[in-house]
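From first to last, the protein sequence lines are chains A, B, C and D.
Residue numbers for the first sequence follow our numbering, beginning at 402 and rising by one.
Residue numbers for the second sequence follow our numbering, beginning at 402 and rising by one.
Residue numbers for the third sequence follow our numbering, beginning at 402 and rising by one.
Residue numbers for the fourth sequence follow our numbering, beginning at 402 and rising by one.
Built from N, CA and C at the ideal position, the CB exists for glycine as well.
Since the structure comes first, as structure tokens, the remarks are kept for the end.
4 protein chains.
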Amino acid sequence: MPRVTEQHRAARRDQILAAAVRCVAREGFHKTTMADVIREADLSAGAVYLYFRGKDDIIRALAERSIGRVAHVLVAMQEQQPVVRPEDALQAALEELLSTAGEAADDLLRVGVQAWGEALRDEAVHATVSTQLRRLRHTMADLVRRAQAEGLVSKQADAESAAALLCGAIPGFILQRLVLGDLTPASYVDGLRGLVSPAGR
Amino acid sequence: MPRVTEQHRAARRDQILAAAVRCVAREGFHKTTMADVIREADLSAGAVYLYFRGKDDIIRALAERSIGRVAHVLVAMQEQQPVVRPEDALQAALEELLSTAGEAADDLLRVGVQAWGEALRDEAVHATVSTQLRRLRHTMADLVRRAQAEGLVSKQADAESAAALLCGAIPGFILQRLVLGDLTPASYVDGLRGLVSPAGR
Amino acid sequence: MPRVTEQHRAARRDQILAAAVRCVAREGFHKTTMADVIREADLSAGAVYLYFRGKDDIIRALAERSIGRVAHVLVAMQEQQPVVRPEDALQAALEELLSTAGEAADDLLRVGVQAWGEALRDEAVHATVSTQLRRLRHTMADLVRRAQAEGLVSKQADAESAAALLCGAIPGFILQRLVLGDLTPASYVDGLRGLVSPAGR
Amino acid sequence: MPRVTEQHRAARRDQILAAAVRCVAREGFHKTTMADVIREADLSAGAVYLYFRGKDDIIRALAERSIGRVAHVLVAMQEQQPVVRPEDALQAALEELLSTAGEAADDLLRVGVQAWGEALRDEAVHATVSTQLRRLRHTMADLVRRAQAEGLVSKQADAESAAALLCGAIPGFILQRLVLGDLTPASYVDGLRGLVSPAGR
DNA sequence: TATGAATGAGCATTCATTCAT
DNA sequence: GATGAATGAATGCTCATTCAT
């Protein structure tokens, strides 16, 4: 019976979070009401509180889900065999980010932007975001060092700084993509490649 | 008397917005109450409504003020004579961003992050943010083209893509700076320089 | 099977009421939730509803149990042979009240105080409390009359009024004991004896 | 302007408390909703919260008002010149208690019974009740000692114990009066006088 | 009998905005 | 222009009770 119950529990939490993602993508954390989530999840008020402590708890879970996805994508990438140029890794990560299955990819990105804002005022969300950001940077730095070992990147480059820049390019891509809607991973990373290629030709 | 009245009006609006910046930096747009702003501005409830239509009006003004600052900094930079490498322009812009006088620079950056989130749900804020983002990218593209003309950047690079990447690096800097607190403009842009320098040395 | 079933039923009811007494002593009738009682009784929600119609039913049973105890103590006392002075009967009753076995005596007294309040708003609880109060007074009046017959109390005294006063002294003892915690039956009844003894000595 | 504002404030608080007394007398502390009080006070929800921190704050103020009245009555009595027999003082106090002007006397007594119950679970109400109870007992003990000095009460009586008993008679009077409705101060105190008068006549 | 997930009406409280002074 | 008491719809959350298993 624990099996069924645990599965049930996880499924219900997911049902609620998926509904909340859609609401928050539309209205942001604070304009989304519990009534919105309850209606979207097609549950009763009491049921939602059986699976989450309250609205804050849902917000934190959403922050984790949205911010975690980015780091997750890169970690999965880094674990695959061939060493690649960091630019290529960035491009692959951005492409992966836009193709989330099951859930509308855009919705999760929108929730992520909300999470950035919330990290500045809620200690728990801040903890989630800073942890994931650090993990992202750490993974990226490893990637850069492996590229340096293969001669794909100059040995003089500081891997940590390069990782910070590469990670830093991600929010800017998401933002421009969501606000202006005119960027593809390829064109964006080509901008980096253009700057990288030697001048004077 | 229009002179005095107009000055008075502008001063009052600024007093209210400065107060609102401090509140929003602390609690975000939606957890900041009008009562918070009114108290922080040391005014009466009625007074605030003489200068702003309502809370949304204040939010829009804050979005403009915070997002506008970034573009403003770069435009001012581009208007100065010598042509510089885009990386140097980016570094100078980030440094300028951290040294806002009068208002705590961090507070305005925090309000900016809130504005990104709000742009996804409020049409008016979206208009402000997208306009400023486009202006930023346009200015940056000009800068890149001038650098190409001087041989500082490869002629094969696509100026628009490079501008998108360079602009995209800014939100990531702000976010890492506010959340992790461990980045300087110099180290961040060095990350870009490291990737740019030819490998194999 | 009726035997076993009936015993089982009584045992379950008692298990639930005992749990409810502990909860209500802590939090009062209305801040005690059914969930509290269910947890304290170590049963399931459904089980409790097999033995009680609902929360009101439990409240009424608790009122009966707590208020009934006082009258029960005095009735038991009156049935014993020797005729005593009413003051001595009061003292013995108060002592008996503080020494309830099995259940913490204080808990039941606390529930009693809750029942006084509930009697003012719930007709069923009012019926219980007024019945028990009347029974208490009736028993006490009998006691006074028997003491008068033995010359222990002035024949001119009105037995009904004396009974009302003696019964009326009980809530005040309970209240001062629970709130101030500094009264013993002996010292309290000595207060009465002091007033009774002729002045001028 | 402070004068007007302060008076206004006190008047509004009183308006709300008077409404709350009527509600609580009917339904008890916890079955009285804020909506009940708001409706009875003929105010808006927001207005009530301008004068009280919340429901708990109102409950505490009601406890103070109801319990304080009893002690207040006795203190006022003790300050008058002639020394009286404690029984007479008790009777006068009970009579005063039943004749509160402006507010229905019964309503305030009912709120008092609620306050006894609340004192057992809310620390703030407990503090109010225990303070007032102590003040009541202190005043009564003074009264007894003055009666002893005048030879109205035996010198051998312990004033503190007698005071405890006399104070203890008050809740019992209130309770029997509210629940059974058949007691007058005179008949009740006559019960005490009957016990006091020497037997054997 | 027994379970415990689900229900949904009801509650205390907040807050953007107004308007009589 | 300036004030701040007043408004009341809206919000997050609770809890007595039911019922499919």
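Cβ closer than 9 Å: which chain A residues qualify as neighbours of residue i?
i	result
B/P483	Correct list: empty, because the minimum Cβ distance to chain A is about 17 Å.
So, under 8 Å CB-CB, residue i and residue j are touching, yes? Tell me the CB distance rounded to an integer number of Å.
i	j	result
A/G573	B/G573	5 Å
B/L463	B/V422	6 Å
B/I608	B/G513	There is no way to answer for residue 608 of chain B, as the model of chain B reaches only from 402 to 602.
C/A550	C/V530	The Cβ separation is near 31 Å, so there is no contact.
A/V545	A/P483	Rounded, the Cβ-Cβ distance is 15 Å, inconsistent with contact.
B/V474	B/L498	6 Å
D/A558	C/S555	Incorrect: roughly 18 Å between the Cβ atoms, too far for contact.
D/V526	D/R461	6 Å
A/A420	A/E441	4 Å
C/L584	D/L521	16 Å between Cβ atoms; not a contact.
A/L418	A/R466	6 Å
A/D415	A/C424	Not really, about 15 Å apart at Cβ, beyond 8 Å.
D/L581	C/L534	6 Å
C/A676	D/A570	Lying outside 402 to 602, the shown extent of chain C, residue 676 of chain C is not represented and no answer is given.
B/H431	A/K432	7 Å
How far does the alpha helix (DSSP H) with residue i in it extend, from its first residue to its last?
i	result
C/E480	Segment: none, C/E480 is in no alpha helix (DSSP H) and carries neither H nor E.
A/S445	Premise fails: A/S445 is in no alpha helix (DSSP H) and is neither H nor E.
D/D508	506–520
D/D523	D/D523 -> no alpha helix (DSSP H), and no H or E assigned at all.
B/R594	586–597
A/L498	487–498
Which residues of chain D have a Cβ atom closer than 7 Å to the Cβ of residue i, listed in chain order?
i	result
C/I459	Residues of chain D passing the Cβ test: none, with the nearest at roughly 16 Å.
C/G469	Correct list: empty, because the minimum Cβ distance to chain D is about 15 Å.
C/R511	L521
Under 8 Å Cβ-Cβ, which residues of chain B neighbour residue i?
i	result
A/L544	Chain B residues near A/L544: none, gap ~12 Å exceeds 8 Å.
A/C568	G573, Q577
Which residues in chain C have a C-beta closer than 8 Å to the C-beta of residue i? List them in chain order.
i	result
D/K432	H431, R522
D/L428	According to the sequence shown, residue 428 of chain D is Glu rather than Leu. Per Cβ cutoff of 8 Å: R522.
What does residue i reach in chain C if we use C-beta pairs closer than 9 Å?
i	result
D/P487	L596
D/L495	The premise fails here: D/L495 is roughly 10 Å from chain C at the closest Cβ pair, so nothing lies under 9 Å.
D/R445	The amino acid at residue 445 of chain D is misidentified as Arg; the sequence shows Ser. Going along chain C, no residue has its Cβ under 9 Å from D/S445, so there is no contact; the nearest lies around 26 Å.
Strictly below 7 Å CB to CB, what residues from chain A border residue i?
i	result
B/D591	D559, S562
B/V530	V580
With hydrogens ignored, establish whether the beta-carbon of residue i is closer than 8 Å to any heavy atom of the ligand HEM.
i	result
C/L544	Summarising the ligand content, the structure contains no ligands, and the ligand HEM is consequently not present.
Residue i touches chain D at which residues, Cβ-Cβ below 9 Å?
i	result
C/R535	L581
For residue i, go through chain B and note every residue whose CB falls closer than 7 Å to its CB, in chain order.
i	result
A/Q515	G518
A/L584	A565
Interface residues of chain B around residue i at Cβ under 9 Å?
i	result
A/H539	Simply none; closest approach about 12 Å.
A/S500	Those do not exist, as A/S500 stays about 20 Å from chain B at its closest Cβ, beyond 9 Å.
Who are the neighbours of residue i on chain A, taking C-beta pairs under 8 Å?
i	result
B/H473	Neighbours of B/H473 on chain A: none; closest Cβ ~18 Å, over 8 Å.
B/H527	V580
Is it a yes or a no for the region 555–567 of chain A touching the region 578–588 of chain A, going by three-plus beta-carbon pairs under 8 Å? no
Threshold first: 4 residues or longer. Then list the alpha helix (DSSP H) segments lying entirely within the region 525–582 of chain C, N to C. 560–580
Is the region 536–546 of chain A touching the region 500–509 of chain A, taking contact as three or more C-beta pairs under 8 Å? no
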